[in-house]
Amino acid sequence: MTREPRPYSSPYLAGFGIGLVLLLSFVVMGRGLGASGAFSSTVAAGMQSLVPERAAALEPYAVFLGDGKSGPLRDWLVFEILGVILGGALSAYLAGRLRRGIDMGPRSAHRTRLLLAFSAGVMMAFGAKLARGCTSGQALTGGALLSVGSWIFIVAAFAAGYAFAPLFRKQWT
Amino acid sequence: MSAPLYEYGLFGESTSLLVALVIGIAFGWFLERGGMGSATKLAGQFYLTDMSVLKVLFSAVVTSMLGVFWLAELGWLDLPLVYLPPTYLLPQLAGGVVFGLGFVMGGLCPGTSCVSAATGRRDGLAVVGGMLFGVFLFNESFPWIEPFYRSTPMGQITIPEILGVPFGWVVFAVVLAALAAFRASEWIEARR
Chain A
1040 MTREPRPYSS
1050 PYLAGFGIGL
1060 VLLLSFVVMG
1070 RGLGASGAFS
1080 STVAAGMQSL
1090 VPERAAALEP
1100 YAVFLGDGKS
1110 GPLRDWLVFE
1120 ILGVILGGAL
1130 SAYLAGRLRR
1140 GIDMGPRSAH
1150 RTRLLLAFSA
1160 GVMMAFGAKL
1170 ARGCTSGQAL
1180 TGGALLSVGS
1190 WIFIVAAFAA
1200 GYAFAPLFRK
1210 QWT
Chain B
27 MSAPLYEYGL
37 FGESTSLLVA
47 LVIGIAFGWF
57 LERGGMGSAT
67 KLAGQFYLTD
77 MSVLKVLFSA
87 VVTSMLGVFW
97 LAELGWLDLP
107 LVYLPPTYLL
117 PQLAGGVVFG
127 LGFVMGGLCP
137 GTSCVSAATG
147 RRDGLAVVGG
157 MLFGVFLFNE
167 SFPWIEPFYR
177 STPMGQITIP
187 EILGVPFGWV
197 VFAVVLAALA
207 AFRASEWIEA
217 RR
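In the order they appear, the protein sequences are chains A and B.
Position in the first sequence counted from 1, then plus 1039, gives you the numbering used here.
Position in the second sequence counted from 1, then plus 26, gives you the numbering used here.
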């Protein structure tokens, strides 16, 4: 890609679009959006192919194995996340924003950034598993349905983000 | 028309997976359009340099909340058939804190890390890898975590139910709060 990347849309417009997609999901499927569930299915599928006895015996794997007739990857959220990957790539391609690299603050180093990104993934997996959902399944979906736990999650996540932000200031600014 | 369509048996499980793919494509499209695949942009939320995360999240929540509310009021959407995530007070509070720490550490959340990775960013791929490893660690330590994981269950409960006020009142309050948050965000961004 040699084109100049086009600027992002208005965040209000993007949010309105996501809101309509979420509403469509409620109306068509009777369920909202999600992301962390697809990671759980993927890990359950991995464990099932490596150590099937353990996958069947330990609950957090077992609940993602489905009815046993089809594999754990034949799952609604897995297909939805495949769509997210396709849709994200398509949008970036059409806007000239598809390019290899590492997104990081001006004072950070590649190794530090990747190490922190990986650790952040581990943390968010624990947080999302404990909370039974992430920014998609809790904040967006449960938030729009006014679920008590979802709003507790939203407030706690934002408060923690601001509380811990000074620790990572050098990383981002 | 009676919705949710899937719950009323308008199509089967195989079609639902196709629906998932299409909904996902639209979700990923709008996330990328709003710049949500860029960790530096997302992290800006926590240093008050870029308020996009708040604007995208609250615009989406308000749009879909108003849609759900009015479709239910008009009798077109059967709200009890829409899956409501159950509340577990302490696990969701603690989960939110751990999640928030990860969010500011990595600048991405699970969904946006997929967009970031899909648009060529290696930091997004690192978050995806960390998520998979983290799920594995959580699952393996589940026997120790389980008592806390199951603690303080409150069932499927909404804010209007717990406050004992009409659903529409809370909808209205969230709209007002979002408008105030948008105004504050514009002020914060203009100040810099």
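Ideal Cβ placement from N, Cα and C applies to all residues, glycine included.
### Task
Just tell me which of C135/B, R147/B, G160/B has its CA closest to the CA of D1142/A.
Within the first sequence, residue 1142/A is the residue found at index 103, counting from 1. For D1142/A, the closest alpha carbon among the candidates C135/B, R147/B, G160/B is that of R147/B.
### Query
At a Cβ threshold of 9 Å, is E1092/A touching chain B?
Counting from one through the first sequence, the residue named residue 1092/A turns up at place 53. No, its Cβ sits nowhere closer than 9 Å to a Cβ of chain B.
### Query
DSSP beta-bridge partners for Y1132/A?
For this step, residue 1132/A is matched to residue 93 along the first sequence. The bridge partners DSSP lists for Y1132/A come to none.
#### Entry: Of the listed residues I49/B, T145/B, L158/B, nearest to F1157/A (C-alpha basis)
As a first step, residue 1157/A is located in the first sequence; it is residue number 118 there, counting from the start. Nearest C-alpha to F1157/A: L158/B.
#### Entry: Neighbour list for W55/B in chain A, Cβ cutoff strictly below 8 Å
Here residue 55/B is taken as the residue at index 29 of the second sequence, counted from 1. Ordered by position in chain A, the residues that pass the 8 Å Cβ test against W55/B are G1056, G1126, G1127, L1129, S1130.
### Message
Classify G35/B: buried if its beta carbon has 16 or more other beta carbons within 10 angstroms, exposed otherwise.
### Response
What you label residue 35/B is simply residue 9 of the second sequence in a count that begins at 1. Flag for G35/B reads exposed.
### Query
With distances taken between CB atoms, is the gap from L115/B to M180/B smaller than 9 Å?
Here residue 115/B refers to the residue found at position 89 when the second sequence is read from its first residue. Here residue 180/B refers to the residue found at position 154 when the second sequence is read from its first residue. Contact annotation: L115/B and M180/B have beta-carbon atoms nearer than 9 Å.
### Query
Taking the alpha carbon of S1075/A as the point to measure from, which residue in G1058/A, G1085/A, G1135/A, Q1177/A has its own alpha carbon closest?
Indexing the first sequence from 1 puts residue 1075/A at position 36. Cα-wise, what sits closest to S1075/A is Q1177/A.
### Message
Here's a check: name, in chain order, each residue in its chain whose Cβ is nearer than 6 Å to the Cβ of P186/B, leaving out the five neighbours to either side.
### Response
Counting from 1 along the second sequence, the entry for residue 186/B is found at position 160. Contacts found: F193, V196.
### Within chain B, partners of E1043/A - CB distance below 9 Å
Translated into the one-based positions of the first sequence, residue 1043/A becomes position 4. What E1043/A touches in chain B: nothing, since even the nearest Cβ is about 16 Å away.
### Query
Apart from the five residues just before and just after M1040/A, which ones in its own chain have a Cβ nearer than 7 Å to its Cβ?
On the first sequence, position 1 is the one that residue 1040/A refers to. Note on M1040/A: pLDDT 48, under 50, position unreliable in the model; no value is reported.
### Query
G1176/A versus chain B: which residues are under 7 Å apart at the beta carbon?
Numbered from its first residue, the first sequence carries residue 1176/A at position 137. Residues of chain B whose Cβ lies closer than 7 Å to the Cβ of G1176/A are, in chain order, P111.
### V95/B classed as buried or exposed, judged by whether at least 16 other C-beta atoms fall within 10 angstroms
In the second sequence, counting from the first residue as 1, residue 95/B sits at position 69. Checking the sequence shown, residue 95/B turns out to be Phe, not Val. The residue in question, F95/B, is buried, as its Cβ has 16 or more Cβ neighbours within 10 Å.
### Task
Determine the direct distance from the alpha carbon of I1193/A to that of G121/B, and round the result to whole angstroms.
The residue labelled residue 121/B in the question sits at position 95 within the second sequence. The residue labelled residue 1193/A in the question sits at position 154 within the first sequence. So the alpha carbons of these two residues sit roughly 10 Å apart.
### Task
Determine the DSSP secondary structure at M180/B, reduced to helix, strand or coil.
Within the second sequence, residue 180/B is the residue found at index 154, counting from 1. Strand, per DSSP.
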